[in-house]
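J.: One structure coming up, written as structure tokens, with questions to follow.
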Ligand SMILES: [Zn+2]
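Residue numbers (our numbering): 9 to 281.
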């Protein structure tokens with residue numbers, strides 16, 4: 009039998025990642041979601057209470073696998089958090105709240121269920137576990153990361169992925185915000201001892217500072233390419249994508265076009281084109 013079992017670890021993805029974080033992989037792989045969505049169960053060692061970050065898509069088998077994984081660890085899910093409202097992270101949240109009785113907290117009021125909002129600087133304490141909310145708009149306007157200080161880790165949703173780079177989901181996502189958010193994550197890595205990235209898709213990264221610096225360099229590089237393409241006469245977002253993203257899988261071009269629109273806005277706002 010070659011079928012993938014929901015929640016079963018695949019090479020480099022899924023399973024325990026740090027002392028406090030365990031990944032259950034959702035069965036929704038695609039060019040955009042890589043191996044699938046990483047649903048994270050986070051808890052203090054020895055505690056009977058756990059926090060889930062991003063229940064993932066509305067897939068009953070996956071949601072039940074998350075509950076079962078927590079139960080096998082002797083835990084009840086006390087709280088659900090969302091890194092942002094995209095369906096591959098949040099669509100299953102309402103059903104997951106039914107299954108677990110947990111409140112759902114998010115930045116976007118439309119994504120919350122029986123729980124308060126979340127803001128940059130908030131600390132969430134559950135069963136002795138501390139998570140700090142890091143505001144990281146850019147991929148979307150409601151994107152958050154969660155700093156897990158005890159493990160020197162940050163859960164990044166779609167702001168930093170385990171492979172490749174992410175998109176700026178124009179018009180909700182904005183490049184200027186995204187660059188500010190990368191600087192915020194760089195400070196977290198360089199000044200607050202964060203070494204590990206637990207992403208929303210793809211494998212765990214062991215060099216958080218290196219990953220964020222790579223993202224910053226990549227964004228600067230793409231921005232320069234887009235600026236050059238416009239100067240060379242490529243005027244429409246689609247024409248810029250075909251020129252600048254020629255090296256990228258065509259399945260990702262629609263997403264790349266959103267990023268290009270965000271980059272064109274940014275260049276325009278800064279008087280660069
Ligand atoms: Zn997303």
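Cβ coordinates follow ideal geometry from the N, Cα and C atoms, glycine included. Here the structure is a predicted model, which is why all the values come from computation and not from measurement.
At a cut-off of 8 Å, is residue 177 close to ligand 1 when judged by its beta-carbon and the heavy atoms of the ligand?
T.: On the chain shown, residue 177 is found 169 positions in, with the first residue counted as 1. Yes; taking the cut-off as 8 Å, the Cβ of residue 177 has a heavy atom of ligand 1 nearer than that.
J.: If we ignore side chains and look at the alpha-carbon of each, how far apart do residue 15 and residue 242 end up?
T.: Mapped onto the chain shown, residue 15 falls at position 7. Mapped onto the chain shown, residue 242 falls at position 234. Interpretation of residue 15 is limited by its pLDDT of 41, a score under 50 that renders its predicted location unreliable; the figure taken from the coordinates is listed afterwards. Roughly 44 Å between the two C-alpha positions.
J.: Where does residue 267 sit, in a helix, a strand or coil, going by DSSP?
T.: Locating residue 267 in the chain shown gives position 259, where the first residue counts as 1. Residue 267: helix per DSSP, three-state reduction.
J.: Pick from 109, 71 and 253: whose alpha carbon is nearest that of residue 123?
T.: In the chain shown, residue 123 corresponds to position 115, counting from 1. Comparing Cα positions, the closest option is 109.
J.: Quick one: what's got a C-beta closer than 6 Å to residue 50's C-beta in the same chain, skipping five residues either side?
T.: As a first step, residue 50 is located in the chain shown; it is residue number 42 there, counting from the start. For residue 50, where only same-chain residues beyond five positions count, the Cβ hits under 6 Å are 28, 29 and 59.
J.: Counting only the same chain and skipping the five closest in sequence on each side, list residues whose C-beta sits under 8 Å from that of residue 107.
T.: Here residue 107 refers to the residue found at position 99 of the chain shown. Here the set comprises 71, 72 and 75.
J.: Who are the near neighbours of residue 19 in its chain, counting only those whose CB is closer than 7 Å to its CB and skipping five residues on each side?
T.: Here residue 19 refers to the residue found at position 11 when the chain shown is read from its first residue. Because the pLDDT at residue 19 is just 48, under 50, the model does not fix this residue reliably, and the point stays unresolved.
J.: Residue 143 to residue 272, Cα distance in whole Å?
T.: Counting from 1 along the chain shown, the entry for residue 143 is found at position 135. Counting from 1 along the chain shown, the entry for residue 272 is found at position 264. C-alpha separation (whole angstroms): 24 Å.
J.: When the Cα atoms are used, what is the spatial distance from residue 249 to residue 171?
T.: Walking along the chain shown from the start, residue 249 turns up at place 241. Walking along the chain shown from the start, residue 171 turns up at place 163. Near 21 Å, if we compare the C-alpha coordinates of residue 171 and residue 249.
J.: Say the cut is 8 Å; is the CB of residue 148 nearer than that to a heavy atom of ligand 1?
T.: Here the question's residue 148 lines up with position 140 in the chain shown. Checking every heavy atom of ligand 1 against the Cβ of residue 148, one is found closer than 8 Å.
J.: Could you check which residue in 54, 177, 129 and 145 has the C-alpha nearest to that of residue 139?
T.: Sequence index remark: in the chain shown, residue 139 carries index 131 (1-based). Measuring from the Cα of residue 139, the nearest candidate turns out to be 129.
J.: Run the proximity test for residue 226: is its beta-carbon closer than 8 Å to any non-hydrogen atom belonging to ligand 2?
T.: This structure simply doesn't include ligand 2; it includes ligand 1 instead.
J.: Can you find the residues in the same chain that come closer than 6 Å, C-beta to C-beta, to residue 32, ignoring five residues on each side of it along the sequence?
T.: The count along the chain shown starts at 1 and reaches residue 32 at position 24. Cβ neighbours of residue 32 beyond the five flanking positions: 15, 47, 73, 74 and 77.
J.: Pull up the CB-CB distance for residue 216 and residue 227, whole angstroms please, since I reckon it's below 8 Å.
T.: For this step, residue 216 is matched to residue 208 along the chain shown. For this step, residue 227 is matched to residue 219 along the chain shown. That pair is no contact at about 17 Å.
J.: Near residue 186, what residues of its chain come up, given a Cβ to Cβ distance below 6 Å and the 5 sequence neighbours on each side ignored?
T.: On the chain shown, position 178 is the one that residue 186 refers to. The answer, listed in chain order, is 146 and 176.
J.: Classify residue 258: buried if its beta carbon has 16 or more other beta carbons within 10 angstroms, exposed otherwise.
T.: What you label residue 258 is simply residue 250 of the chain shown in a count that begins at 1. Exposed, by the Cβ-count rule.
J.: Go through its chain and collect everything with a Cβ distance to residue 200's Cβ below 8 Å, but skip five positions before and after it.
T.: Here residue 200 refers to the residue found at position 192 of the chain shown. Cβ within range, chain order: 155 and 157.
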